[in-house]
Every structure is written in C-alpha cells, then in structure tokens.
Amino acid sequence: MMNGGYEDENEGNNSDNDVEPILTIEPWMLQGLEGPDDDDIFAKKIQRVALDGEEHIYFNSADASNILGVPLTMRNIDDKLIWPHTKHNHFSVKTAYHFITVQDSVSGVTTSSTPAFWQKIWRLKLPQHIKNFFWRLCHGILPTRDNLVRRGLSVITDCPRCFTSQESICHIMLGCSWAQMIWLISPLGYFPPLSSDAAFFDWLVDRIMCDSPDVVIWIALICWTIWTGRNALIFQDKMYSPQESVLKAQSLFMEIQDSSTSPGCTQSHSLRIPRSREAYRWQCPSRHHYKMNTDVAKISDVEWSIGVVIRSDQGHLFMTGIKTILALDEVAVAEALGIRWGLQIAQQCHVSKLKVETDCEVVVNSFNAASATDLSLVSDIMADCRSIGAELESFSLRHIYRESNHVAHFVAKQLYHFAPCIWFDAFPISVLNLVNSDVLT
Ligand SMILES: [Zn+2]
355 MMNGGYEDEN EGNNSDNDVE PILTIEPWML QGLEGPDDDD IFAKKIQRVA LDGEEHIYFN
415 SADASNILGV PLTMRNIDDK LIWPHTKHNH FSVKTAYHFI TVQDSVSGVT TSSTPAFWQK
475 IWRLKLPQHI KNFFWRLCHG ILPTRDNLVR RGLSVITDCP RCFTSQESIC HIMLGCSWAQ
535 MIWLISPLGY FPPLSSDAAF FDWLVDRIMC DSPDVVIWIA LICWTIWTGR NALIFQDKMY
595 SPQESVLKAQ SLFMEIQDSS TSPGCTQSHS LRIPRSREAY RWQCPSRHHY KMNTDVAKIS
655 DVEWSIGVVI RSDQGHLFMT GIKTILALDE VAVAEALGIR WGLQIAQQCH VSKLKVETDC
715 EVVVNSFNAA SATDLSLVSD IMADCRSIGA ELESFSLRHI YRESNHVAHF VAKQLYHFAP
775 CIWFDAFPIS VLNLVNSDVL T
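So that you can map any letter, position 372 of the sequence shown is 726 in the numbering used here, and since no number is skipped, the others follow by simple counting.
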C-alpha cells in the first residue's frame, strides 16, 4: 500500500524511509461508500486504520494527522492536480524556479512563507525602505540586541528604554510600555498581548493574510515608527514621545494616500484612514435575521480551533460552538472551514435568514469572486458555503474588523479545551458577558 513500507522501529536506519510514502486507495477503504456525502465515512475509515487497528503500520501519527487535515469538499467534484506554490494553485515556471532555488533559512515567519504571503507584503502601498523593513521584521532578522548576541556579538541585551526585559522583536514591538502606548493611541487602538517572538510572528501572519491592506499598512507604519524611535534613542540619544511617534506614522500614511491618488497614478485602490469607533462595534442584524460570527485560532503546530457564535436580531446569544481541526498551515483555509461548519449548524437549526461575518478578507473575496480557474482549497470550501447559503431564504457574508468579531475570537482562542462542543443554553458565562457588552456599548 505504501511505497517503500513504513515501520517506525526502523526509522533512521532504513533508506526506504527517505522515500515519500504514497497513499493508494484500497478496496477496503471504499466499502460502504455510496456518494459524496460519504466523505466523513471515508475519513473515519482512514482514521480508524490510521490510529487504531492492526493496520496502523500503514501510517505513523504524523501521516495520519496530515491525511485527516486535508479538508474534503461536500460536493461531488473531480480530483484535480494543483500546484501549492501559487495563490490559486495554478502551475507557473516562475514559482517553480523560486521553489527550487530559494532556501528558507529565516527565523521569523515560516509557517506562511508562501508566495501569496510575501506578495501581500511587496504589494503594500508603502515606500520601498519601509517595505524592506517590514520584510526583515517578518523574517525576524532585525538587528535587535538579542539577535546580535545570537550572532556572536558581545552587547548588553537589556531594552535600552525600560531595562526590564531582554530586547527581542516582540519586546520592542509589543512588550515595552512605550510601544504599547503607541499602539493604543494609534488609529488601530489596541495591541495584542503577546510575549514571544513566535506568537508575534503568528499574529503578523494572521493580520497580513486576513486584514484589509489599509490595516496592514498601519501595522507596518506603527512597527516602522517604533523601530526608528528605538534607533534614535540608541544612536542619537533622542527620546520621542508616543504622541510624536503616532503623528509621524500619521503623516507617512497621509503621504502614501496622496501619492496613491495623485494624477498619473495607475493604482485605483485608495487608502482610507482607519475607521471611526462605529466600525469597531458589533451590530445587531436586521429584524428576523440571525447573525453568525466565526473565527479561528492556532492552538498547536498541527491544530486549529474554530469558534462560531450565532445571535438573534436583539443581540441575544442563540448558539455558540467550538471544534478543532488538524494540520492546516493556512489561516484562510481554517477560516473558510469555520464558516462552513457554522453554516452547517445554522442549517440544522433551521435558521433561514442569516448574515455571516468574518475578519478574514481572503475568504470573503473568494466567496464573492467565484472563479473556475481558482483551484485553491479556500475556493472549494467557499463554493460549499455558497451552496449551503443558496438553500437559505436570505444569506450574506461580509468582512468586518477583528474588534467587532471579538466574541468569536474569544471562543476560538479561549474555549478550545471544551472542543468539540455546541451550546444552545447554559452558555459559558465569559461568552455571555462579552455578548452583553456588544449590545450595551
Ligand atoms: Zn522595553
């Protein structure tokens, strides 16, 4: 069944282990399957064989996780060949060349170092030197004091501003109270409470892949202002206040906006000053409609949690649910699966008028721009969502800012240890409090 066999006890001393195992379909896998709705049965058979039965020699746990982590579409569509190194999974010689020649030796963002991710950075409407900075930040190669020590230099590692912590990227950007004040008084108005570089890079990946370009530009400008403020302190002994730093970022933003809308500019995309307070708030759906919010959180190298929250037109909690999924390395795929799972629950509950909100712009764009040439997993899953949505009396999907999606985010991030679980009553008190705060503010 597997090319070269698979025996854990021989791992490391059997040259066959260097051969990638190839899964072929065996007759026992297909017994009892009758149609596309049997995907779950197929997955369960694989799971049973992978994890329980005598046949466990076919898969080690990593292979079993990878198999189970492949999302299956609900529709009966033909298999297709895809190229994983482009956004829409079409083969291109350029990306093949890139794949062969580029060795990934970075210590920063690695989980999403796909062309789509880096293209998003290079396509931002930012001055080239800030784009370069942002690229180096995402690679984790800024010359922070802890990075310099890692490279063998003998320097003091304390943060030159607060002296309370080692100067790491996460500390400079988020941990230092000076930086925190900049985030808070900036138009973004918040900072994520993260304490490690790895968590900071994960957060950056999420934001770059899911937020609108103007929000990502603001994140880049804030990071740039913090970094140049740090350099001014170290090399020129200049101390800029958080207010001065935000004004500097604001003026850069205005310059970028002017240049992108000036005559002769070929780009039609115009940057907006981030939103009024209203844009951060969750809004009740129109009368007789329900609103569903979904979000995901990465909880380990191979696991994501999905949070779903459905509320009535009065803002009352109707249902909330949490489940975990395996081995996906793309946040947009996990977000798309979250929406599909929520829709399946809504359908089973006979919800007929539903508005869906997500803070992942990629899935909304995929939903709105259905394309036969898009071979990506996200496109397949959103096609499932369209087909469920078409069966409802009223259905819409739209992108919202993360702040107004905070209840679903909380469920995904904080309640995963309950997974899988769906509540229709006796809701967790923490969720009820957040829901009430949305209605009251
Ligand atoms: Zn500090």
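We put the beta carbon where it would ideally sit given N, CA and C, even for glycine.
It should be emphasised that the depicted structure is a prediction, and the values quoted were computed from it without experimental measurement.
Non-local C-beta neighbours of residue 667 in its own chain, meaning closer than 7 Å and more than five positions away in sequence, comprise 638, 639, 640, 641, 642, 643, ordered along the chain. Taking a C-beta distance under 8 Å as the contact criterion, residue 645 and residue 709 qualify as a contact pair.
Set against 7 Å, the gap from the CB of residue 519 to the closest heavy atom of ligand 1 is smaller. Secondary structure note for residue 736: its alpha helix (DSSP H) is the uninterrupted segment 731–744. Residue 443 sits close to residue 730, with the two beta carbons spaced by under 8 Å.
Taking a C-beta distance under 8 Å as the contact criterion, residue 520 and residue 500 qualify as a contact pair. Residue 472 has its alpha-carbon roughly 24 Å from the corresponding atom of residue 435.
Counting only residues of its own chain and dropping the five nearest sequence neighbours on each side, residue 767 has a CB closer than 6 Å to the CB of 651. The residue from 611, 530, 783, 593 with its alpha-carbon nearest to that of residue 481 is 611. Residues close to ligand 1 by the beta carbon criterion (under 5 Å to any non-hydrogen atom) are, from first to last along the chain, 513, 515, 516, 530. Take the alpha-carbon of residue 478 and the one of residue 492: they are about 14 Å apart. Residue nearest to residue 604 within the set 517, 559, 539 is 539 (criterion: CA-CA distance). Beta-bridge annotation (DSSP): residue 650 is paired with 660. A check of alpha carbon separations from residue 698 across 574, 744, 433, 517 identifies 744 as the nearest.
If you draw a straight line from the Cα of residue 505 to the Cα of residue 511, it is about 13 Å long.
Membership of residue 767 in the alpha helix (DSSP H) is indicated by the continuous run 760–768. DSSP places residue 791 in the helix class (H, G or I) of the three-state scheme. With a contact defined as Cβ atoms closer than 8 Å, residue 786 and residue 671 qualify at about 6 Å. Excluding the 5 residues flanking it on each side, residue 762 has same chain C-beta neighbours closer than 6 Å at 647, 648, 649, 661, 663, in chain order. Under the three-state reduction of DSSP output, residue 580 falls in the helix class.
Under the three-state reduction of DSSP, residue 779 is assigned to coil, being neither helix nor strand.
Selection 760, 689, 581, 575 evaluated against residue 732 yields 689 as nearest (Cα-Cα).
When the five nearest sequence neighbours on each side are left out, the beta carbons in the same chain lying within less than 7 Å of the beta carbon of residue 716 are those of 563, 564, 686, 732, in order along the chain. In the three-state reduction of the DSSP assignment, residue 757 falls in the helix class. Residue 554 places its beta carbon 8 Å or farther from that of residue 535. With respect to the 8 Å criterion, residue 596 and residue 676 are not classified as neighbours on the basis of their beta carbons. DSSP places residue 675 in the strand class (E or B) of the three-state scheme.
Per the C-alpha coordinates, the member of 573, 497, 438, 486 positioned closest to residue 469 is 438. Residue 704 is classed as exposed because its beta carbon has fewer than 16 other beta carbons within 10 Å across all chains shown. Relative to residue 530, the option among 494, 487, 584 whose CA is nearest is 584. It is roughly 12 Å from the alpha-carbon of residue 655 to the alpha-carbon of residue 423.
Rounded to whole angstroms, the gap between the alpha carbons of residue 516 and residue 587 is 12 Å. Taking the Cα of residue 569 as reference, the smallest distance to any Cα among 543, 581, 591, 547 is reached at 543. One thing to note: residue 572 has its Cβ no nearer than 8 Å to the Cβ of residue 546. As DSSP reads the structure, residue 665 sits in a beta bridge with 645, 671. Per DSSP, the beta bridge partners of residue 710 are 646, 751.
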